[in-house]
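First comes the structure, then the notes that go with it.
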Amino acid sequence: MGIQVVDASLFSSLDPVALQGSACVACAAHVFPAQATCPMCAGTEVSVVALPTTGTVWSWTTQHHAPKPPFRTDEFAPFSIGYVDLGPVIVEGWLLGRIEWVIGEPVRLALAKAWTQDGEPVFTYGFESVA
Amino acid sequence: MSGAANDVYLVGGSRTSFGRFEGDDQDLAEQAVRGALGDCGLAWGDVEFAAGGTNGETKPDNLVSRMGLTGIPFVTVKNGCATGAVALGTARNGLIAEQREIACVVGYDNHARGAFSASPARYGIGAWYGATGMMVTTSYFALKIQRYLHEHDIDPRTLGYVSAKAFDYAASHPLAWRRTPVTIDEALDSDMVNDPLTRLMFCSPDAGGVALILARGPRAFDLCDKPIRLAAVELRGRRPGSFEVFSPWLSPGVRTSPSVDAAAAAFHAAGVRPQDVQVAQVQDTESGAEIIHLAETGLCLAGEQAAGYLDGDYRVDGRIPVNTDGGCIANGEPVGASGLRQVHEVMTQLQGRALGQQVPGDPSIGFTHVYGAPGISACTVLVAEGA
Ligand SMILES: [Zn+2]
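As they're listed, the protein sequences go chains H and Z. First residue of the first sequence: 19, per this note's numbering; consecutive thereafter. First residue of the second sequence: 531, per this note's numbering; consecutive thereafter.
Below is the structure:
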């Protein structure tokens, strides 16, 4: 492994990178991050699953001002956040590499440099353009 | 009209100026309560039931130490943006269940400058969410309206129309906070906060207090020339498929909203239709929220909003005047007071004594809507009876 991430429970694997969610045994609803119960049907039996690593931009925005702590960065530059439609679930995360996006464009999961709230450099997940 | 025994009416009300405030939080509450009592010629000793709320640290039920130790039940409410409406519903239910006649409802807050900061743990989310800059309310609103504009093919310039309308209403309202008119282009061209939302499209936390006096049955008509019947107060929470703040994931498929459910329940309980409404308030934490909530509450169809703003539908002389005191955008949002501000504005409109722009033509049916974290909405229907 060797890669420090912001929260290990978000990932089912790091190489190749994949996010970990939970799937309800009763209604098949997928949730991210994984949780022990299903908020969709109130079921209590779930299994841990690796989520698809490609999808399309479902919505996006660019953060033009630095968020308050516990957000940490060395030097603030505007960055994008989006919801990415992975099929069974729509996941929120950073959109990497630019600050203008189009709803519906294809993206894939990637690792990106971040900081813990204590200022330790780590990796988190984001989505980059497939183009 | 004389008032059926279990009908509850608004007979008095008062609001403070909204904006920055240097005193104690409960100075705002006391000022509002004394104003509301004076509005209908009552004294604190006449109040038989009270309900109040704030998002701050003070205890609303301790207001009795200022107002008088009369021994009445005073219920404290803390339901975020729905605090005022829940306090209102609690007071109505208290009057009916305990067969009391006079209730006081109060909401107040005195927030510090700047956007609300929230801790992930309080919402059951891991620390990673805050550390990576996703625990940001402005980005939630932006993500929601960005998708909404796309799905319903609405021109983003509509966001500028919402702000311009809010500041136009506020410019003639003596107790609103931000009262300088803003043009559509000024709103669209101000600093970008989160695409597509600019600084002049957001409300800010501030200070304010509002109080209302309720009366049950015929007594209401002794206290007030034109009592306003509280025809419905309904609170709803989220169901699967709603799109709420601080959500690391959303479910695909059908979108639901607690606003849709609360509005439908309120209209059903009151026995009126959305198209009957003649003056309305909807939660406008930012311009996009007003656009979304107009359709979610049934006041227009989704996709109709751009034409509606262009045609002036929501102006004081339009089809259905909305947020006629400038809404949250121009009044700011002291969370505990905000929902009661809406009810106070609609009450005074229906009584023909609005503090700012008065809706013409003697409107008799009003509606209010609040929405907030973690996915709750409350709606009221207000009816002026008789002539
Ligand atoms: Zn389930």
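Don't be surprised by glycine CBs; every beta carbon is placed ideally from N, CA and C.
Near residue i, which residues of its chain fall below 8 Å by C-beta distance, leaving aside the five closest residues on each side in sequence?
i: S669/Z; result: N724
i: G801/Z; result: A761
i: G130/H; result: Checking the sequence shown, residue 130/H turns out to be Ala, not Gly. Closer than 8 Å at Cβ, skipping near neighbours: W112, L114, F141, T142, Y143 and G144.
i: H82/H; result: P96
i: R769/Z; result: T786, P788 and D791
i: G624/Z; result: F579, A581, P603, V605, R630 and A633
Provide the residue span of the beta strand (DSSP E) that contains residue i, from first to last.
i: I99/H; result: F97 to D103
i: E146/H; result: P139 to S147
i: Y539/Z; result: V538 to R545
Would residue i and residue j be called neighbours here (beta carbons separated by less than 8 Å)?
i: A717/Z; j: T79/H; result: no
i: G660/Z; j: Q135/H; result: yes
i: Q38/H; j: S30/H; result: yes
i: G857/Z; j: C611/Z; result: no
i: G833/Z; j: I655/Z; result: no
i: V889/Z; j: V790/Z; result: no
i: A128/H; j: L113/H; result: no
i: S817/Z; j: L689/Z; result: yes
i: A908/Z; j: V692/Z; result: no
i: V541/Z; j: L753/Z; result: yes
i: R759/Z; j: D537/Z; result: yes
i: E774/Z; j: G886/Z; result: no
i: T613/Z; j: G637/Z; result: yes
i: W707/Z; j: N853/Z; result: no
Name the two residues that bound the continuous alpha helix (DSSP H) containing residue i.
i: E820/Z; result: S817 to E826
i: C754/Z; result: Where C754/Z is concerned, there is no enclosing alpha helix (DSSP H), given that its DSSP letter is neither H nor E.
i: P904/Z; result: No alpha helix (DSSP H) contains P904/Z, which DSSP labels as neither H nor E.
i: R746/Z; result: Where R746/Z is concerned, there is no enclosing alpha helix (DSSP H), although the beta strand (DSSP E) it sits in stretches over A737 to R746.
i: D569/Z; result: D555 to D569
i: M597/Z; result: V594 to M597
i: V925/Z; result: Look at the range of chain Z in this structure, 531 to 917, and you will see that residue 925/Z is not part of it.
i: W919/Z; result: It is not possible to answer for residue 919/Z, since the shown part of chain Z is limited to 531 through 917.
Just confirm the distance between the C-beta atoms of residue i and residue j, as a whole number of angstroms; I'd bet it's less than 8 Å.
i: L572/Z; j: I743/Z; result: 6 Å
i: I99/H; j: E110/H; result: 7 Å
i: S9/H; j: S65/H; result: The displayed coordinates of chain H run from 19 to 149. Any statement about residue 9/H would go beyond what the structure contains.
Residues of chain H with CB closer than 7 Å to the CB of residue i, please, in chain order.
i: Q676/Z; result: S77, W78 and T79
i: D919/Z; result: Only positions 531 to 917 of chain Z appear in the structure, and residue 919/Z is not among them; the question remains open.
i: S868/Z; result: By Cβ distance, chain H contributes nothing, its closest Cβ being about 22 Å from S868/Z, past 7 Å.
i: S474/Z; result: Nothing in the structure corresponds to residue 474/Z, since chain Z is present only between 531 and 917.
i: L780/Z; result: Y101 and I108
i: A672/Z; result: T79
i: V666/Z; result: Q81 and P85
For residue i, collect the residues of the same chain with a Cβ closer than 7 Å to its Cβ; drop the 5 residues on either side in sequence, then sort them by chain order.
i: D698/Z; result: P711
i: G137/H; result: R90
Give me, in chain order, the residues of the same chain whose beta-carbon lies closer than 6 Å to that of residue i; leave out the 5 immediate sequence neighbours on both sides.
i: G586/Z; result: D555 and D639
i: R729/Z; result: S720, D721 and V723
i: T546/Z; result: L558, Q561, A562, G738 and G739
i: A917/Z; result: Because the pLDDT of A917/Z is 45, which lies under 50, any placement of that residue in the model is unreliable, and the question is left without a value.
i: F732/Z; result: E816
In chain H, which residues lie with their C-beta within 9 Å of the C-beta of residue i?
i: P877/Z; result: A small correction: the amino acid at residue 877/Z is Met; Pro does not occupy that position in the sequence shown. Chain H residues near M877/Z: none, gap ~37 Å exceeds 9 Å.
Would you mind telling me which residues of chain Z sit closer than 9 Å to residue i, beta carbon to beta carbon, in chain order?
i: T142/H; result: W658, A661 and T662
i: A132/H; result: W658, A661, T662 and G663
Taking residue i as the query, report the chain Z residues whose CB atoms sit under 8 Å from its CB, ordered along the chain.
i: I121/H; result: Q676, R677 and H680
i: L114/H; result: Within 8 Å Cβ-Cβ: nothing; L114/H doesn't reach chain Z, min ~12 Å.
i: Q135/H; result: A657, G660 and A661
Who are the neighbours of residue i on chain Z, taking C-beta pairs under 7 Å?
i: A47/H; result: S781
i: L28/H; result: W658
Inset, instruction - Closer than 6 Å is what we want: which residues have a beta carbon that near any heavy atom of ligand 2? List them in chain order. - result: With respect to ligand 2, the structure offers nothing, as its ligand set consists of ligand 1.
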